[in-house]
Amino acid sequence: MKGDKKIYFIKTLIIFFILSLIIFLSFCASAQEEKKEIKESVVNIQADNVTYDKST
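Read in the numbering used here, the sequence shown has 150 at position 27, and its numbers run on one by one without any break.
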């Protein structure tokens, strides 16, 4: 009976570890995607702020 409880405990720990790893990796991926979007928006803002010579 003690061995069964130990097996269930180890399985529970493994499942918890895997789920937390998946959640952590998804947060990392979304943070990188958000960082990329911010960088693209800065480039677009800089392109909008270009001054044109109206004398031509």
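By construction, the Cβ of each residue, glycine as well, lies at the ideal position given by its N, Cα and C atoms.
Remember, it's a predicted structure, so these values are computed and weren't measured experimentally.
- Rounded to the nearest angstrom, the gap between the Cα atoms of lysine 158 and tyrosine 131 is 41 Å.
- Put simply, the backbone Cα of cysteine 151 is about 22 Å away from that of leucine 136.
- The C-alpha of isoleucine 145 lies about 27 Å from the C-alpha of aspartate 127.
- Between the C-alpha atoms of phenylalanine 139 and phenylalanine 147 there is a straight-line separation of about 12 Å.
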